[in-house]
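Numbering (the numbering used here), first residue to last: 26 to 307.
Backbone N, C-alpha and C fix where the C-beta goes; we use that ideal spot for every residue, glycine too.
All of these numbers come straight from a predicted model, not from anything done at the bench.
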Amino acid sequence: MKVKIGDIEVVPLSDGIFRLDGGAMFGVVPKTLWSRVAPGDELNRITMSVTPLLIRTAGLNVLVDAGIGDKLPPKLVDIYAVERGAGLPGSLAALGLGPADIDVVLMTHLHFDHAGGLTTVVDGIVRPVFPSARHLIRRGEWDDAMHPHARSRASYFPENYVPVQKAGLVEFIEDDGEVLPGVSVWRTGGHTAHHQIVRIDSQGQTGLYLADLVPTAAHVPDPWIMGYDLYPMETLAAKQRWLPEAVRGEYVIFFEHDPALAAGVLREEEGRRYVEPLVSRP
Ligand SMILES: [Zn+2]
26 MKVKIGDIEV
36 VPLSDGIFRL
46 DGGAMFGVVP
56 KTLWSRVAPG
66 DELNRITMSV
76 TPLLIRTAGL
86 NVLVDAGIGD
96 KLPPKLVDIY
106 AVERGAGLPG
116 SLAALGLGPA
126 DIDVVLMTHL
136 HFDHAGGLTT
146 VVDGIVRPVF
156 PSARHLIRRG
166 EWDDAMHPHA
176 RSRASYFPEN
186 YVPVQKAGLV
196 EFIEDDGEVL
206 PGVSVWRTGG
216 HTAHHQIVRI
226 DSQGQTGLYL
236 ADLVPTAAHV
246 PDPWIMGYDL
256 YPMETLAAKQ
266 RWLPEAVRGE
276 YVIFFEHDPA
286 LAAGVLREEE
296 GRRYVEPLVS
306 RP
């Protein structure tokens, strides 16, 4: 289902669901608390969605993040319990769009559950999925993804993004600000050093795609921060910057990983934030 931010159309898409360790997803929050809002399976894993976004602005089809894709080795498909269903291609096809109709791909960061869908194997060769798209990637994130360390290596797979650069489709973003009409990026750091969120502004209305700053509605409270985050105090600072502003401005917030909710409006009553549901996960 689509959402209108002013005259910009925003459509949550689906690249299926997967599961991650519940403890890792909630950092310092005890299981007695998180298991009430996100019950784990027999392996302690909680269900996450993969919900990229389509933004239609100035006649352009802009895809924000590309999901897990179809190249994940069977062992990892099992570990992460990936159930892709029709996947992102099916989700786009339901809107009458093929991969060649995507004009711009805008990346929040390059972890495999966001960048895996950028490439696929054709005739034994890994190729870009979106051959006519400019791929906008933050330069610092690119550099980190090309030089992963012991704690980030499990999330960065060069086959997801190097073929896109080799095809000449990558353009680097250097700074915060507008990258397309009504679409701007803002570095939050935290999850990765150069993780960025995407803001949509049109006719006085605002939408925020929070990516891994606030991956699910359960992560709305300030201290509910992922153990995966490389710089959790930056995550905290970014939440304290953006979430009160979202409440004041009645922004529509979009979740990339919530198992049930794709979009909502953040509200606050008596110091307690909550999400008023707007659009279910597709
Ligand atoms: Zn991530």
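Rounded Cβ spacing between residue i and residue j (contact assumed at less than 8 Å)
i, j, result
"phenylalanine 155", "proline 124", "5 Å"
"proline 37", "alanine 271", "Incorrect: roughly 17 Å between the Cβ atoms, too far for contact."
"proline 184", "lysine 100", "Rather than proline, the amino acid found at residue 184 in this sequence is glutamate. Glutamate 184 to lysine 100, Cβ: 16 Å. No contact."
"isoleucine 127", "isoleucine 225", "Not confirmed; about 17 Å, so no contact."
"leucine 233", "tyrosine 276", "5 Å"
"glycine 31", "glutamine 228", "3 Å"
"alanine 242", "histidine 220", "Contact doesn't hold; Cβ gap of about 19 Å is too wide."
"arginine 176", "leucine 291", "Not quite, the Cβ-Cβ distance comes to about 31 Å (not below 8 Å), so this is no contact."
"valine 87", "valine 208", "6 Å"
"glutamine 265", "aspartate 247", "6 Å"
Any non-hydrogen atom of ligand 2 within 8 Å of residue i CB
i, result
"aspartate 138", "Ligand 2 is absent from the structure shown, which contains only ligand 1."
Residue i and residue j closer than 9 Å at C-beta
i, j, result
"glycine 214", "alanine 170", "no"
"valine 210", "valine 223", "yes"
"threonine 133", "aspartate 201", "no"
"glycine 160", "valine 130", "According to the sequence displayed, residue 160 carries histidine and not glycine. Cβ distance < 9 Å, so histidine 160 and valine 130 count as in contact."
"glycine 112", "glycine 92", "yes"
"isoleucine 71", "proline 302", "no"
"valine 245", "valine 304", "no"
"proline 269", "glutamate 293", "yes"
"proline 240", "phenylalanine 280", "yes"
"glycine 165", "arginine 212", "yes"
"valine 28", "histidine 282", "no"
"threonine 217", "histidine 136", "yes"
"threonine 82", "isoleucine 162", "no"
"alanine 192", "arginine 152", "yes"
"leucine 142", "proline 77", "A small fix is needed here, since residue 142 is glycine in this sequence, not leucine. The answer is yes: Cβ separation under 9 Å."
"glycine 52", "asparagine 69", "no"
"methionine 73", "methionine 50", "yes"
Test: residue i CB closer than 9 Å to a CB of chain C
i, result
"glycine 47", "Absent from the structure is chain C; it holds one protein chain and no more."
request  = Any chance you could list the beta strand (DSSP E) runs of at least 3 consecutive residues sitting entirely within the segment 235-297, in chain order?
outcome  = 277-279 and 286-294
request  = At 4 residues or longer, and completely inside the segment 45-100: list those alpha helix (DSSP H) runs for me, N to C.
outcome  = 47-51 and 56-62
query = Does the segment 56-64 come close enough to the segment 34-44 to have 3 or more Cβ pairs within less than 8 Å?
reply = no
query = Do the segment 190-205 and the segment 248-265 make contact, defined as three or more Cβ pairs closer than 8 Å?
reply = no
ask   = Enumerated in chain order, which unbroken segments of the beta strand (DSSP E) with a length of 3 residues or greater are wholly contained in the segment 206-240?
value = 208-212, 221-227 and 230-234
inquiry  = As an exercise, report each continuous alpha helix (DSSP H) stretch of at least 4 residues that is fully enclosed by the segment 118-179, in chain order.
reply    = 137-140 and 164-171
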